Amino acid sequence: MRFEDFELDPKLQELRRRGMQVPMEPRPYELLRYLVEHRDRVVPKEELLSRLWGDVVVGDASLSSAVREIRVALGDDARHPRFVETHWRRGYRFIARVEQDRGHSKGPKPAEVDTNDASKDTRRFGRWALWAAAAVGVLAVLTFEGTKRSSESPPEIRSIAVLPLQNLSGDTSQDYFAAGVTEDLIGALSRIRSLRVPSHRSVLRFDGTNEPLAEVAEQLGVDALIAGSVRREGPRVRITVQLVRGATDEHIWSENYDDDMESILDLQSGVARAIAQKVRVSLSEAESAALSRTRSVVPEAYDAYLLGRHEINRSAYWGAITAAGEFSRAVRIDPEFGAAHAWMSFASLNVRRDAPPIAQTADSEKLVAKAREAARAAIRLEEEVPIALLSQGLIQLTYDWNWRAAEESFRRAIEYDPRSSAGYWGLAQLYAALGAAKEARAAVRQGLELEPLFLAATLVGHRMAFATGKYAQGLAGVRSARKLAETAEIHRTLWRFYDVIGDYDRAIEAWQEGSLSGGIDPESALAAYRAGGYGAFIRFAADHEERRDRYEEVSPYWIAYLHARAGNVDRAFQYLEIAFDERAPDLVFIVNADPVMGSLRSDPRFARYAERLGIPIAAVDLPLAPLPR
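Take 51 as the starting number for the sequence shown in this note's numbering and just add one per residue.
The following block contains the structure:
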């Protein structure tokens, strides 16, 4: 299908311009194709949401975000459209002339598009890579050093790492399955409290490595390694594992495990019990009972669950939406699948937090309600409880503004499983919001000791730098992270650091590289910068986003942030009021962990907002470079 100098290729699921591929996320691509295929009419919003998102709870904000990404890819203008025309409160219509390419088949319908195909995943950065990169940055901020093993390993094995199991199914699209089984096996071993087991994120960097096992063990600080493979053939699954002593590369034991997919969870528990026996670790009654608990799972539900875990590890907003859909499918197939409930809760919160234009309270309310219900279900079913409690605590922190309840949830997560870092990451965010820097720093350090490579390390790391005014350390950390991952999230954080310290040339670079402009024409923004400097650029951005909000949904918090940076105090408070009504996720950090919003502290209205949040204004200096005039 061709229009102007663009071509949609349904077979490869690509948008090309003059033969060159135009990068697009899978969901906006699906939306574009659907609009092109139904170009003879205005497609209602409800139809688009139903066909492209299914039962995933999203609303007009997500749809608007996808349309905006289409416009960016096509170079379209919402006010004077050439391709996608907005029919206010009704829907969208594709208005350009389309020529059908006879050499191509029509391809599958949008509902049949497989967004998990490996060939398409290459267009997205893996979120796990961002976690690994961001942890490097947080380590730099906190100058935390992992404990090194001595060159001589003791006879006892008290720490063990499970290296990524290799996919031997002969189908690379099954890589997610091998990764999921690895993660679940790590989870089963982690129930043994006398055995230290590094997290899945900590071992991911050794996937496919050629490094000697002894060096891998030394880097991970463990006594032994588990290596192996997964083979999935129809309704059967085989797990092969071998136990190797780290320091000497000595083969200790190996075994094959073969069973039906319905028994996959029991199979993993059996492997964990066998490993515990081989390393002579004593199990408590509770641990033995947990590893002996029988739990069958519907294969289709488990497959959807692993796909969800795969997606949420790979990218931010769109990955979270896809993941939430997979987790919803898993619990619909198997309502008693507690782990799927827990991760559906977490994914729903990620959709709420990462959506570029969270402009409708109803959307946020639906996402929060779904996340709250799913967290409660997981806690009731006693599966993935720390993640469920983390989600529950984040709802209480960022939506309910109930600090005591949030702290209780995070501490319950720690009590339930002291080996999980989830509760510490929650506490770190809570303390950063309240201005308790010492407590926040301690929580981050404890979380890193348990799991050095975790998503919250990114979020809390830069929050800590902003909350304490240690921008140089935070910036050094993010620069280190950028060496390992080039993502919009990295550039967005870089822009914030460069902006607050006054390195405006690099701030503009980060803005452009991170695609932070949203609906702002990059050339117009750059022209404003060249004509009047960085101050003119910020003022242009603030005014532009406010005007755009009249015909396209824009986050009121984002508009308030830009106006605060531009020094438009009254406009900033006007949009902050809207953000308060919608309970924007970042509001809890404006009092003590945001230098730009902190610039409003001298205004009496700021104290009233802090009082509404129930957050005391901490006596901490948050430096902010003056905006050039």
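Idealized CB from N, CA, C, for every residue including glycine. Keep in mind the model is a prediction, meaning the values are calculated, not measured.
{"Query": "Where L62 falls, given that 16 or more other Cβ within 10 Å makes a residue buried", "Result": "exposed"}
{"Query": "Nearest-angstrom beta carbon gap, L85 and A123 [assumed within contact, 8 Å]", "Result": "Wrong, their Cβ atoms sit about 13 Å apart, outside the cutoff."}
{"Query": "Proximity below 8 Å, CB of F547 to CB of G524", "Result": "yes"}
{"Query": "Straight-line Cα distance separating A389 from L420", "Result": "It is Lys, not Leu, that sits at residue 420 in the sequence shown. For K420 and A389, the distance between alpha carbons rounds to 15 Å."}
{"Query": "Beta-carbon proximity of S471 to L500, cut-off 8 Å", "Result": "yes"}
{"Query": "Nearest candidate by alpha-carbon position, reference A274, set A228, A326 and N260", "Result": "A326"}
{"Query": "Own chain, CB closer than 6 Å to L672, minus 5 neighbours either side, in chain order", "Result": "G519, P645 and G648"}
{"Query": "Cross-strand partners of T290 (DSSP beta bridge)", "Result": "S279 and N306"}
{"Query": "The segment 352-360 in contact with the segment 370-380 per 3-pair CB rule at 8 Å", "Result": "yes"}
{"Query": "Inter-stretch contact at 8 Å, needing at least 3 Cβ pairs: the segment 454-474 / the segment 616-627", "Result": "no"}
{"Query": "Opposing strand residues paired with R295 [DSSP bridges]", "Result": "A274 and E300"}
{"Query": "Beta carbon of L484 nearer than 8 Å to that of W453", "Result": "yes"}
{"Query": "I145 - DSSP class collapsed to helix/strand/coil", "Result": "coil"}
{"Query": "Sequence-distant residues of the same chain with beta carbon closer than 8 Å to R286, five excluded per side", "Result": "D308, D309, D310 and M311"}
{"Query": "CB of P78 within 8 Å of CB of E135, strictly", "Result": "no"}
{"Query": "P94 - DSSP class collapsed to helix/strand/coil", "Result": "strand"}
{"Query": "Proximity of M51 and V117 at Cβ, strictly below 8 Å", "Result": "no"}
{"Query": "Span of the alpha helix (DSSP H), counted from its first residue to its last, around L477", "Result": "A472 to L484"}
{"Query": "Residues bridged to D59 [DSSP beta-bridge criterion]", "Result": "E64"}
{"Query": "Proximity below 8 Å, CB of V528 to CB of M514", "Result": "no"}
{"Query": "For V134, three-class secondary structure by DSSP", "Result": "strand"}
{"Query": "DSSP three-state assignment for V670, whether helix, strand or coil", "Result": "coil"}
{"Query": "Bridge partner(s) assigned by DSSP for M70", "Result": "R67"}
{"Query": "With 16 other Cβ atoms within 10 Å as the buried cut-off, status of P94", "Result": "exposed"}
{"Query": "6 Å Cβ shell around R662 - same chain, five flanking residues per side excluded", "Result": "none"}
{"Query": "Start-to-end residues for the alpha helix (DSSP H) that takes in V494", "Result": "A487 to L500"}
{"Query": "Residues that DSSP places opposite R246 in a beta bridge", "Result": "S209"}
{"Query": "DSSP state of R241 mapped onto helix, strand, coil", "Result": "coil"}
{"Query": "DSSP bridge partner residues for Q318 (one or two, in chain order)", "Result": "Answer is none; Q318 lacks a bridge partner."}
{"Query": "Start and end residues, alpha helix (DSSP H) containing F623", "Result": "V619 to E632"}
{"Query": "F53 - DSSP class collapsed to helix/strand/coil", "Result": "strand"}
{"Query": "Three-state secondary structure assigned by DSSP to Q442", "Result": "helix"}
{"Query": "Reduced DSSP secondary structure (H/G/I, E/B, other) of Q224", "Result": "helix"}
{"Query": "Range of the contiguous alpha helix (DSSP H) that encloses S605", "Result": "Note, S605: premise wrong, no alpha helix (DSSP H); not H, not E."}
{"Query": "Stretch pair the segment 211-222 + the segment 276-283: three plus CB contacts closer than 8 Å", "Result": "yes"}
{"Query": "Between the CA atoms of S652 and A669 - distance to the nearest angstrom", "Result": "13 Å"}
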